[in-house]
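First the structure, in the form of C-alpha coordinates, and then the observations on it.
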Amino acid sequence: MKYFIDKNNNNQIYAYEDEVSNEQIKTGLTPISEEEFNSLINPPKSEEELLNEAKELKINEINTKKENILNGGFSFKGKIYQSSNEDQLRINGAVTNALVNPNL
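Here numbering that gives the first Met the number 0 is used: the first residue of the sequence shown is 0, the next is one more, and so on.
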(Lines of atoms letter the chains of each structure in order from A; the text may use other names.)
(Lines give C-alpha, C1' and ligand atoms only; values in the text may rest on other atoms or scores of the structure.)
Protein backbone atom coordinates (compact mmCIF):
# COMPACT_ATOMS: atom_id res chain seq x y z
CA MET A 0 0.00 0.00 0.00
CA LYS A 1 1.01 3.58 -0.62
CA TYR A 2 -0.07 6.08 2.00
CA PHE A 3 -0.54 9.82 1.59
CA ILE A 4 -1.84 12.83 3.46
CA ASP A 5 -3.41 15.94 1.94
CA LYS A 6 -2.11 18.78 4.10
CA ASN A 7 -4.20 21.27 2.10
CA ASN A 8 -7.47 19.44 2.78
CA ASN A 9 -7.75 19.10 6.56
CA ASN A 10 -5.06 16.38 6.64
CA GLN A 11 -7.25 13.93 4.69
CA ILE A 12 -5.58 10.51 4.54
CA TYR A 13 -5.37 8.38 1.39
CA ALA A 14 -4.28 4.79 0.83
CA TYR A 15 -3.61 3.38 -2.64
CA GLU A 16 -2.82 -0.16 -3.72
CA ASP A 17 0.80 -0.73 -4.77
CA GLU A 18 -0.33 -1.40 -8.35
CA VAL A 19 -1.75 2.13 -8.75
CA SER A 20 0.42 4.26 -11.01
CA ASN A 21 1.66 7.67 -9.93
CA GLU A 22 -0.58 9.27 -12.57
CA GLN A 23 -3.65 7.86 -10.81
CA ILE A 24 -2.68 9.30 -7.43
CA LYS A 25 -4.26 12.63 -6.57
CA THR A 26 -1.84 15.49 -7.07
CA GLY A 27 -0.63 17.51 -4.10
CA LEU A 28 -0.51 14.59 -1.66
CA THR A 29 2.44 14.07 0.67
CA PRO A 30 3.66 10.46 1.05
CA ILE A 31 3.71 9.04 4.59
CA SER A 32 4.95 5.74 6.03
CA GLU A 33 2.71 2.89 7.09
CA GLU A 34 3.55 3.65 10.73
CA GLU A 35 2.49 7.28 10.30
CA PHE A 36 -0.69 6.13 8.55
CA ASN A 37 -1.52 3.73 11.40
CA SER A 38 -0.84 6.36 14.06
CA LEU A 39 -3.14 8.81 12.26
CA ILE A 40 -6.06 6.40 11.90
CA ASN A 41 -5.53 4.91 15.39
CA PRO A 42 -4.37 7.80 17.55
CA PRO A 43 -3.05 6.93 21.01
CA LYS A 44 -5.61 7.00 23.80
CA SER A 45 -5.87 10.10 25.93
CA GLU A 46 -5.04 10.03 29.64
CA GLU A 47 -8.75 10.30 30.38
CA GLU A 48 -9.55 7.26 28.20
CA LEU A 49 -6.75 5.26 29.82
CA LEU A 50 -7.95 6.29 33.28
CA ASN A 51 -11.56 5.33 32.47
CA GLU A 52 -10.41 1.93 31.20
CA ALA A 53 -8.35 1.37 34.36
CA LYS A 54 -11.33 2.40 36.52
CA GLU A 55 -13.63 0.01 34.67
CA LEU A 56 -11.17 -2.86 35.06
CA LYS A 57 -10.78 -2.14 38.78
CA ILE A 58 -14.54 -1.90 39.32
CA ASN A 59 -15.02 -5.25 37.55
CA GLU A 60 -12.25 -6.79 39.66
CA ILE A 61 -13.85 -5.48 42.87
CA ASN A 62 -17.32 -6.68 41.83
CA THR A 63 -16.00 -10.15 41.00
CA LYS A 64 -14.23 -10.40 44.35
CA LYS A 65 -17.34 -9.10 46.15
CA GLU A 66 -19.56 -11.70 44.45
CA ASN A 67 -17.09 -14.47 45.31
CA ILE A 68 -17.08 -13.38 48.95
CA LEU A 69 -20.86 -12.95 49.16
CA ASN A 70 -21.54 -16.29 47.50
CA GLY A 71 -18.61 -18.16 49.02
CA GLY A 72 -20.21 -18.94 52.34
CA PHE A 73 -19.24 -18.12 55.91
CA SER A 74 -18.53 -19.99 59.12
CA PHE A 75 -20.16 -19.54 62.51
CA LYS A 76 -19.20 -21.52 65.61
CA GLY A 77 -17.24 -23.96 63.50
CA LYS A 78 -20.07 -24.62 61.06
CA ILE A 79 -19.88 -23.50 57.41
CA TYR A 80 -22.97 -21.89 55.89
CA GLN A 81 -23.50 -21.37 52.19
CA SER A 82 -24.46 -17.88 51.06
CA SER A 83 -25.33 -17.94 47.36
CA ASN A 84 -28.26 -15.81 46.21
CA GLU A 85 -30.54 -18.83 46.47
CA ASP A 86 -29.28 -19.58 49.99
CA GLN A 87 -29.84 -15.95 51.00
CA LEU A 88 -33.43 -16.14 49.75
CA ARG A 89 -34.00 -19.33 51.74
CA ILE A 90 -32.60 -17.74 54.92
CA ASN A 91 -34.76 -14.63 54.41
CA GLY A 92 -37.78 -16.85 53.84
CA ALA A 93 -37.07 -18.79 57.03
CA VAL A 94 -36.68 -15.57 59.04
CA THR A 95 -39.89 -14.14 57.59
CA ASN A 96 -41.70 -17.39 58.35
CA ALA A 97 -40.41 -17.30 61.93
CA LEU A 98 -41.61 -13.71 62.35
CA VAL A 99 -45.06 -14.47 60.95
CA ASN A 100 -45.47 -17.81 62.75
CA PRO A 101 -43.38 -17.62 65.95
CA ASN A 102 -44.95 -20.82 67.34
CA LEU A 103 -43.47 -23.08 64.63
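For glycine and all other residues, C-beta sits at the position ideal for the given N, C-alpha and C. Predicted model only: the values in this text are computed from it and were never measured.
{"Query": "For L28, count the other beta carbons within 10 Å of its own beta carbon; 16 or more makes it buried, fewer makes it exposed. Which is it?", "Result": "buried"}
{"Query": "Can you list, in chain order, the residues of its chain with a C-beta nearer than 7 Å to that of I40? Leave out the 5 residues immediately preceding and following it.", "Result": "I12"}
{"Query": "Could you tell me which residues DSSP puts in a beta bridge with S74?", "Result": "I79"}
{"Query": "Quick one: what does DSSP say K44 is sitting in, helix, strand or coil?", "Result": "coil"}
{"Query": "Is DSSP giving D17 helix, strand or coil here?", "Result": "coil"}
{"Query": "Quick one: using the 10 Å Cβ neighbour count with 16 as the cut-off for buried, is Y80 buried or exposed?", "Result": "exposed"}
{"Query": "Report back the beta-carbon spacing between N70 and N84 to the nearest angstrom; my notes put them in contact at under 8 Å.", "Result": "7 Å"}
{"Query": "Let's see if you can read the secondary structure: which residues bound the alpha helix (DSSP H) around I90?", "Result": "N84 to V99"}
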